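K.L.:
Just so we're aligned, residue 1 is where the sequence shown starts under UniProt numbering, counting upward by one.
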Amino acid sequence: MAQEMAMQELAPEILVHVFEALSSATDIVNLSLTCRYFHTLLPSSQKLVLFYNAIDQTMGPADEIIQLLTSNDNQLLHIKRTPPLSYTLLTQIAQIGRVGQRFVNLYPTIKWAGDRSANRRSLNKDEARRLRRAVYRFWMYSQAFYNSSSYRSLRSEVALYERLQLLRSWSTSDLHDFEDFRGILEHLVATELCPTDGDVFSRHPEESRYGMHAWHRSGRQVVDLGSMFPDTFHTHRREDCVADSNKLSIQELRHKHMQGWGSDLDSFYLVQAFLKLTPVQLLWLFDHAVSKADVEQYVEKQTNDICFLESGSSLFQDWVTVLHQRGGDVQQVREAIWDGVGGIAVD
Numbered sequence: 001m002a003q004e005m006a007m008q009e010l011a012p013e014i015l016v017h018v019f020e021a022l023s024s025a026t027d028i029v030n031l032s033l034t035c036r037y038f039h040t041l042l043p044s045s046q047k048l049v050l051f052y053n054a055i056d057q058t059m060g061p062a063d064e065i066i067q068l069l070t071s072n073d074n075q076l077l078h079i080k081r082t083p084p085l086s087y088t089l090l091t092q093i094a095q096i097g098r099v100g101q102r103f104v105n106l107y108p109t110i111k112w113a114g115d116r117s118a119n120r121r122s123l124n125k126d127e128a129r130r131l132r133r134a135v136y137r138f139w140m141y142s143q144a145f146y147n148s149s150s151y152r153s154l155r156s157e158v159a160l161y162e163r164l165q166l167l168r169s170w171s172t173s174d175l176h177d178f179e180d181f182r183g184i185l186e187h188l189v190a191t192e193l194c195p196t197d198g199d200v201f202s203r204h205p206e207e208s209r210y211g212m213h214a215w216h217r218s219g220r221q222v223v224d225l226g227s228m229f230p231d232t233f234h235t236h237r238r239e240d241c242v243a244d245s246n247k248l249s250i251q252e253l254r255h256k257h258m259q260g261w262g263s264d265l266d267s268f269y270l271v272q273a274f275l276k277l278t279p280v281q282l283l284w285l286f287d288h289a290v291s292k293a294d295v296e297q298y299v300e301k302q303t304n305d306i307c308f309l310e311s312g313s314s315l316f317q318d319w320v321t322v323l324h325q326r327g328g329d330v331q332q333v334r335e336a337i338w339d340g341v342g343g344i345a346v347d
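1. Report buried or exposed for Pro84, applying the criterion of at least 16 other Cβ atoms within 10 angstroms of its Cβ.
2. Residues in its own chain within less than 6 Å of Arg120 by CB, not counting five upstream and five downstream?
3. Cα-Cα, which of His187, Asn72, Leu265 and Tyr269 is closest to Leu106?
4. For Leu76, I'd like the list of residues in its chain whose CB is within less than 7 Å of its CB, leaving aside the five on either flank, ordered along the chain.
5. Helix, strand or coil for Lys80 per DSSP?
6. Per DSSP, what kind of secondary structure is Asp56 in: helix, strand or coil?
7. I need the straight-line Cα distance from Glu310 to Gln297, nearest angstrom please.
8. For the alpha helix (DSSP H) that contains His255, what are its first and last residues?
9. What would DSSP say about His204, mapped onto helix, strand or coil?
10. Could you give the distance in angstroms between the alpha-carbon of Val341 and the alpha-carbon of Ile93?
11. Looking only at C-alpha atoms, which of Ala293, Val290, Thr191 and Leu315 sits nearest to Gln272?
12. Could you pull the start and end residues of the alpha helix (DSSP H) that Val280 belongs to?
13. Looking at C-alpha atoms only, which residue of Cys307, Gly343 and Gln57 is the closest neighbour of Gly97?
14. Look at the alpha carbon of Ala144 and the alpha carbon of Ser156, and state the distance between them as a whole number of angstroms.
15. Less than 8 Å between the beta carbons of His176 and Val333, yes or no?
16. Ends of the alpha helix (DSSP H) at Trp112?
17. Output yes or no for whether 8 Å exceeds the beta carbon distance between Trp319 and Phe178.
18. What do you reckon, are the CB atoms on Val299 and Phe308 nearer than 8 Å?
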């Protein structure tokens with residue numbers, strides 16, 4: 001009868017291969033903590049590489065996150081930066097990666113909504129990676145040109161050159177994926193954060209008919225979010241913000257209490273202004289904002305600019321410019337994405 005061999009009795013070379021085969025940073029940590037021998041088997045530098053590779057597989061492309069984290073005023077954004085790996089950098093990469101993964105989970109509910117909900121499915125590994133790449137690139141663009149006081153925001157000629165150079169450094173297929181994600185954010189903002197008066201009327205026809213929106217009749221007080229603004233990554237939901245929070249989700253509360261932001265034309269321009277925010281800021285609003293006042297307070301606190309919503313993002317126009325320069329048909333590409341036959345995932 002064959003005698004069983006304890007795992008720690010395997011040759012070190014085999015155990016190293018076991019560590020390298022793990023695709024989750026959590027699994028690597030758990031195996032390392034199994035016993036002292038496993039904990040000391042690999043040097044810290046080798047474990048660092050394993051952690052990086054695991055995060056790249058589950059939250060990557062990790063290199064795109066590094067480009068986001070290391071962007072600065074003294075170097076052109078499209079020039080690749082290769083800082084030395086460290087556990088501090090790895091922690092920051094994982095933090096950004098969790099935001100990317102949230103959009104992987106949200107994408108199907110937005111992409112395949114309404115009449116297309118029958119096509120809804122989870123993204124496969126390749127699609128999820130392409131979506132996360134678009135998230136990190138959108139984040140870098142917004143952070144560099146709209147969420148800092150750097151020269152990029154102040155010197156328009158330099159900013160235009162750098163914006164276009166950044167988009168030119170991406171492949172055409174990446175540009176298609178990028179527009180798909182931008183469209184997802186556009187839909188999220190238009191339906192959740194700044195619905196039109198008509199959208200609100202359709203949600204609450206009886207209240208609107210009497211000229212009194214449900215917001216006014218509910219007696220709900222504006223939530224004080226001031227103490228929560230500094231931490232952009234804060235995701236704890238304040239379930240005590242309204243009396244019926246234990247019955248309804250944040251999204252349900254928002255549909256019940258959110259006021260309209262004007263006509264369809266007003267909403268169009270507002271959506272373009274909201275797209276100057278980073279993905280994590282938009283995600284925070286999606287997770288927490290219930291009323292129009294909540295949204296306005298958050299935007300003002302994050303940007304320190306009371307006129308922030310009066311001008312739109314230049315991102316779409318930059319995208320159009322680069323695609324035209326490559327001979328692409330903008331309308332054809334966008335229609336393919338809308339029809340579910342192009343972009344990150346197809347129906």
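Every residue gets a Cβ at the ideal spot worked out from N, C-alpha and C, and that includes glycine. Only a predicted model underlies this, so the values are computations on that prediction, with no experimental measurement involved.
P.N.:
The structure says:
1. exposed
2. Pro108 and Trp112
3. His187
4. Glu162 and Gln165
5. coil
6. helix
7. About 15 Å.
8. That run of the alpha helix (DSSP H) goes Ile250 to His257.
9. Collapsing the DSSP output to three states places His204 in coil.
10. 32 Å
11. Residue Leu315 is the option with its Cα nearest to Gln272.
12. For Val280, the enclosing alpha helix (DSSP H) has its first and last residue at Pro279 to His288.
13. Relative to Gly97, the option among Cys307, Gly343 and Gln57 whose CA is nearest is Gln57.
14. 13 Å
15. yes
16. First-last for Trp112: undefined, no H or E at that position.
17. yes
18. Yes, Cβ-Cβ distance for Val299 and Phe308 is below 8 Å.
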